[in-house]
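Sequence lines, in order, name chains A and B.
For what it's worth, the numbering used here labels the leading residue of the first sequence as 1, then goes sequentially.
For what it's worth, the numbering used here labels the leading residue of the second sequence as 1001, then goes sequentially.
Just so you know, even glycine gets a beta-carbon here, dropped at the ideal spot from N, CA and C.
Contents: one structure, followed by commentary.
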Amino acid sequence: MRRTYLGEFEEVVLLMVAILDGEAYGVTVSQALEEHTGRVVTFGTVHNTLIRLEEKGFVGSELGGATNERGGRRKRLFHVTALGNRALQEIQQLRKQLWQLMPPTKLRLSGL
Amino acid sequence: MSASNANQPHGLPPRWLHKLLVWFHPEETIEEVEGDLNELYVYWYKRSGKRQATMRYLLNVVSVLPPFVKRRQRKQEYRTTSNIQPVMIRNYFTIAFRNLKRQKVSTSINIVGLAIGLATCLLIFLYIENELSYDRYNAKADRIVRVAINLRLNGEDVDEPTLGPSVAQDLINEYPEIQEVTRIRNQGSRFVSYGTTAFKEDYILYSDSTFFQVFSIPFLKGNPKTALKEPNTLVITEEIARKYFGKADPMGKSLGFGSSKTPYRITGVVSKVPENSHFRFDMLASLAGSEEAKKIGWLNSMNFYTYLVLPEKYDYRQLEPKISRLAEKYIGSEIQKYLGISAKQFRDKGDDFGIFLQPLTDIHLNSPFQGRELSPPGDIRYVYILTSIAVFMLLIACVNFMNLSTATAARRAREVGVRKALGSAKGQLQQQFLIESILMSVIALIVGLLIVGLTLSPFNQLTGKMLSLDVLISPLVATSLVACTLLVGALAGSYPAFYLSSFKPVLVLKGQKTTRRDGLNLRSGLVVFQFFITITLIIATVTADRQLRYMQAQKVGFDREQVLVIHDTYMLQKNESVFREKLLQYPQVISGSISGDVPVGASSVDNGAVMTKENPDKGVVSRRYRVDYEYISTLGMRMVQGRNFSKSFSSDSSAVVLNETAVKALGWQKNPIGQELIGSIEGDGTKKYYRVIGVVSDFHFQSLREKIAPLVMFLGNNSGNILVKTRTNDLPKLLTSLKQQWNSFASAAPFTYSFLDDRFEQVYLSEQKIGQVLMLFSGLTIFIACLGLFGLATYTAEQRTKEIGVRKVLGASVSSIIALLSAHFLKLVLIALALASPIAWYAMNQWLKDFAYRIEVEWWIFALAGLSALGITLLTVSFQAIKAALLNPVKSLRSE
Chain A
1 MRRTYLGEFE
11 EVVLLMVAIL
21 DGEAYGVTVS
31 QALEEHTGRV
41 VTFGTVHNTL
51 IRLEEKGFVG
61 SELGGATNER
71 GGRRKRLFHV
81 TALGNRALQE
91 IQQLRKQLWQ
101 LMPPTKLRLS
111 GL
Chain B
1001 MSASNANQPH
1011 GLPPRWLHKL
1021 LVWFHPEETI
1031 EEVEGDLNEL
1041 YVYWYKRSGK
1051 RQATMRYLLN
1061 VVSVLPPFVK
1071 RRQRKQEYRT
1081 TSNIQPVMIR
1091 NYFTIAFRNL
1101 KRQKVSTSIN
1111 IVGLAIGLAT
1121 CLLIFLYIEN
1131 ELSYDRYNAK
1141 ADRIVRVAIN
1151 LRLNGEDVDE
1161 PTLGPSVAQD
1171 LINEYPEIQE
1181 VTRIRNQGSR
1191 FVSYGTTAFK
1201 EDYILYSDST
1211 FFQVFSIPFL
1221 KGNPKTALKE
1231 PNTLVITEEI
1241 ARKYFGKADP
1251 MGKSLGFGSS
1261 KTPYRITGVV
1271 SKVPENSHFR
1281 FDMLASLAGS
1291 EEAKKIGWLN
1301 SMNFYTYLVL
1311 PEKYDYRQLE
1321 PKISRLAEKY
1331 IGSEIQKYLG
1341 ISAKQFRDKG
1351 DDFGIFLQPL
1361 TDIHLNSPFQ
1371 GRELSPPGDI
1381 RYVYILTSIA
1391 VFMLLIACVN
1401 FMNLSTATAA
1411 RRAREVGVRK
1421 ALGSAKGQLQ
1431 QQFLIESILM
1441 SVIALIVGLL
1451 IVGLTLSPFN
1461 QLTGKMLSLD
1471 VLISPLVATS
1481 LVACTLLVGA
1491 LAGSYPAFYL
1501 SSFKPVLVLK
1511 GQKTTRRDGL
1521 NLRSGLVVFQ
1531 FFITITLIIA
1541 TVTADRQLRY
1551 MQAQKVGFDR
1561 EQVLVIHDTY
1571 MLQKNESVFR
1581 EKLLQYPQVI
1591 SGSISGDVPV
1601 GASSVDNGAV
1611 MTKENPDKGV
1621 VSRRYRVDYE
1631 YISTLGMRMV
1641 QGRNFSKSFS
1651 SDSSAVVLNE
1661 TAVKALGWQK
1671 NPIGQELIGS
1681 IEGDGTKKYY
1691 RVIGVVSDFH
1701 FQSLREKIAP
1711 LVMFLGNNSG
1721 NILVKTRTND
1731 LPKLLTSLKQ
1741 QWNSFASAAP
1751 FTYSFLDDRF
1761 EQVYLSEQKI
1771 GQVLMLFSGL
1781 TIFIACLGLF
1791 GLATYTAEQR
1801 TKEIGVRKVL
1811 GASVSSIIAL
1821 LSAHFLKLVL
1831 IALALASPIA
1841 WYAMNQWLKD
1851 FAYRIEVEWW
1861 IFALAGLSAL
1871 GITLLTVSFQ
1881 AIKAALLNPV
1891 KSLRSE
């Protein structure tokens, strides 16, 4: 069993941070979210989720990378921690196991 | 920021939204979020244009404001101490007291303003609390209702709170859910005697024995269940017991009523009827012996206030339709009997009747029966008006506070800088300034309570109430008062706290001025708001005052000057006319008339329907006067047509004189003289005819709130009062000799009198009172607003000392500098005037609608309000402006 519960949205955000690989901060995460999942969420939701993930220890962050676009303000860049990596893999594992338990008829019925 | 704007092809998000974000977003994450949102804004701007970008920016800014945003937890190493440190808090107090002492002007303006605001609120609270508490002392208050009637006769609505004597019995017989029923009958004042002492008692009511099962008046002696069961029994208050019997036990003794001294046996003593009751009695007599109370009828003898007690949790609206059905039966048959038509025919010609119920607790504030209540009712609208005045007053005081604190902020900028440089966090500074303003509001509360304590008795005199501070001692009120004060302090202090704590230490320590434009704009807005309220109040007060004056100055249609009313001459019995003859022998007396009917003010009232001979089913409800030959001439009424009653026509005993309204209502505009009308119908249905001999011009016999009603004057003996028209310069002398004359008849009653014009004034007492209260409060509001303005002007002048010095050196005149300093404020007042006028105009028109005879709201009132607001502004501002303009430039420029 997983040690910390990871919500669905949290999981997606965590995946985005992993995908963006060192380039993840508020703006890129929300844009990636919109691009890959089609979900349009408020910035506050992303912001809050990132803070929560950091509190749970799945991501780490540091300040850096001010650009002119941002009026010289620094970004907070996020990266996935070892704990976060493990959590993602565990989820992946669990899903895989569960899919294998699915009876084949069911798969056919749902058109797969 | 504007420098970087040039490199930015897509601009920056709206300033105010950005500001909102910076103010409210948690400090820990503001930098990254600000940057992210800017970047997103640019991204949106490129994708979908300015409008979309702004909309999305707004939405996203809101999503990162509290309470939606999550706070990033600070890492421990940053924060080793908590925000709340006893040492620091003590320091805040020390600094606060030092500051209050140093800035004497603004401190006293703040405290005085807030204290007056709080004191006014308290007084108004006491007043409203009292108004709302009416009749709630009754244990069954929520379950008691009163039966009232809507009547429409010949297109005229005559609603009455009183009904015929048999309504009570009929209702309790028909509906088992009615638990108790009682009736009250008011018969006006009487002379009450015990042995040789006699007093005129104004507060005598008659009631059924069930009275004390309905109303909770505590008994001191006697049994509430049986006290009024027998005829001619009487319950008196403690006070009356002392007045007549001193220390002796009143139980079982008898008091004599009226000139015949009918004995009433005392069977109970109660404590005083609470002031907040819709009726008042000193004596409550039994209805058991009354012939009238045994009569049958709903419309017949409509003199009884009928109260019902309903079961708990029973909605009185359920009962209303049921009672209406019963009313249909009883009133329908009475209409058949008196008018000779069925209820349906009655309705077909546009008339109507219906019964409705009034909850007891609604009677005082929501009664439609102004003058026909047992005691003068209040008015819910005045409760609303006063509440809003209280709220506005407090708002204005808060606004002053905010204005002055931000204005004087510059003086404390260095302190903020030093504190920040030494490691003070924004939150701590906010805490400090909030503590300061709360401290100020607590001082203001104490001063305010003192003011209330000192002004309560004059306020009671003004409003005619018996308010006391007892209400404030109850824990609920006391805690909410303190809570309210703290809230006011926090509210007024919050803006300065945020503003001051946001100063950048580097800038303020370098001595640079903090940005002034925003602060000034907000301050201007607040000044406009204050003057908006002030001007509205000035307009309201002037209009109300003019309406009152108008009502008092109206031509009333009779001569109200030099007419003396000698009261209660019926006590002389047969000697009444002898006394009149004696009076006529005085050279100062022109004429004298005996009549119980006196226009305006307390008088017995006889309303009844009269019909024309041709149209016997069309009743016109009219006031009926019984007068003697001299009545019309004594009151100086003008005959429009025909003649007055005269001794030379013996047929005048069946003649009437009408007023113009009655002529119109009966449809005799062409030739009223000689027409015949049915003046009364006996119990057996025989009609009594009267011939019209004259018409007097309309005169006001009621308050000017009401339209002049039809009036029919019959010739008849109507003992009651003697009206005397006098012609003298030495009234006191005349009165003394009249008194001697009176005493020579050895009447039980003392000699009492009033002047007709005084009675007239009495009618408008409630309006006068409310007018004075309005005047007082709007005066106070204006005063507080001026205080704020004064403080602000002082500050502006101080800020611009150097500028003024430079201008003077360069040759500016004193007047041009005064104009420079005042112009800004004048502009604000003009804006406020423009905003206030339409609103005040609408509100005053609504208020005036209630008066049958009213003034128009004229443009000059607005001009007057505007001019006086401008005048007040100029006075307050120019005092400072002149001081600043006269200052020697050498002094103001030397310090550089």
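- Classified as exposed, Glu-62 of chain A has fewer than 16 neighbouring CB atoms from the shown chains inside 10 Å of its CB.
- Residue contact with chain B for Glu-34 of chain A: absent (no Cβ-Cβ distance below 8 Å to any residue of chain B).
- Contact of Glu-1034 of chain B with chain A by beta-carbon distance below 9 Å involves Arg-70, Gly-71, Arg-73.
- The C-beta of His-47 of chain A comes closer than 8 Å to at least one C-beta of chain B.
- Between Ile-1144 of chain B and Asp-1159 of chain B, the C-beta gap is not smaller than 8 Å, which leaves the two residues out of contact.
- The beta-carbon distance between Thr-1162 of chain B and Met-1302 of chain B, rounded to whole angstroms, is 5 Å. This is short enough to meet the 8 Å contact definition.
- In the displayed model, Lys-1582 of chain B falls within a helix according to three-state DSSP.
- A contact between stretches requires three or more CB pairs, one per stretch, nearer than 8 Å, and the stretch 1481-1495 of chain B fails this requirement with the stretch 1376-1392 of chain B.
- Annotated three-state conformation of Glu-1160 of chain B is strand, per DSSP.
- Looking at the backbone, the Cα of Asn-1138 of chain B and that of Phe-1215 of chain B are separated by about 6 Å.
- For chain B, the residues of the stretch 49-62 of chain A that bring a beta carbon within less than 8 Å of one of its beta carbons are Ile-51, Arg-52, Glu-54, Glu-55, in chain order.
- If you check each beta-carbon in the stretch 1027-1058 of chain B against every beta-carbon of chain A, the ones closer than 8 Å belong to Thr-1029, Glu-1031, Glu-1032, Val-1033, Glu-1034, Gly-1035, Asp-1036, Leu-1037, Asn-1038, Glu-1039, Leu-1040, Val-1042, Tyr-1043.
- Straight-line spacing of the CA atoms in Asp-1628 of chain B and Leu-1774 of chain B works out to 44 Å.
- With the rule of 3 Cβ pairs closer than 8 Å, the stretch 1254-1264 of chain B does not count as touching the stretch 1100-1116 of chain B.
- Chain A has a Cβ within less than 8 Å of the Cβ of Lys-1070 of chain B.
- Around the beta carbon of Val-1042 of chain B, 16 or more other beta carbons lie within 10 angstroms, which makes this residue buried.
- When secondary structure is reduced to three states using DSSP, Lys-1313 of chain B falls in the coil class, being assigned neither helix nor strand.
- Between Phe-1558 of chain B and Gly-1636 of chain B, the CB-CB gap stays under 8 Å.
- Take Thr-1210 of chain B, set aside five residues on each side of it, and the residues of its chain with a beta-carbon closer than 7 Å to its own are Glu-1180, Val-1181, Thr-1182, in chain order.
- Taking Arg-1136 of chain B as the centre and dropping the five residues before and after it, the same chain places the C-beta of Asn-1276, Thr-1361 closer than 8 Å to its C-beta, in chain order.
- In this structure, the alpha-carbon of Leu-20 of chain A lies about 8 Å from that of Val-29 of chain A.
- Among the residues facing chain A, Asn-1060 of chain B is included, as its CB has a counterpart in that chain under 8 Å away.
- Here Ala-1053 of chain B has Tyr-1041, Trp-1044, Tyr-1045 as same chain residues with Cβ atoms under 6 Å from its own Cβ, once five neighbours each way along the sequence are excluded.
- Contact between Ser-1868 of chain B and Ile-1538 of chain B holds: CB atoms are separated by about 6 Å, below the 8 Å threshold.
- Between Val-1563 of chain B and Lys-1725 of chain B, the gap from beta carbon to beta carbon is short of 8 Å.
- Annotated three-state conformation of Ile-1566 of chain B is strand, per DSSP.
- Bridge pairing for Ile-1355 of chain B: B:Ile-1149 [DSSP].
- Counting only the Cα atoms, Ala-1881 of chain B lies some 44 Å from Leu-1765 of chain B.
- In this chain, Ala-1288 of chain B is not harboured by any beta strand (DSSP E), its DSSP state being neither H nor E.
- Leaving aside the five residues that flank Tyr-1316 of chain B on each side, the residues in its chain whose CB is nearer than 8 Å to its CB run, in chain order, Val-1145, Leu-1310, Leu-1357, Pro-1359.
- In this structure, the CA atom of Thr-1455 of chain B is about 24 Å from the CA atom of Ala-1544 of chain B.
- Chain B has no Cβ within less than 8 Å of the Cβ of Arg-95 of chain A.
- Not a single CB atom of chain A sits nearer than 8 Å to the CB of Val-1477 of chain B.
- Annotation: Leu-1810 of chain B to Lys-1802 of chain B spans about 12 Å, alpha carbon to alpha carbon.
- From the beta-carbon of Thr-81 of chain A, no residue of chain B is found nearer than 7 Å; the closest lies around 16 Å away.
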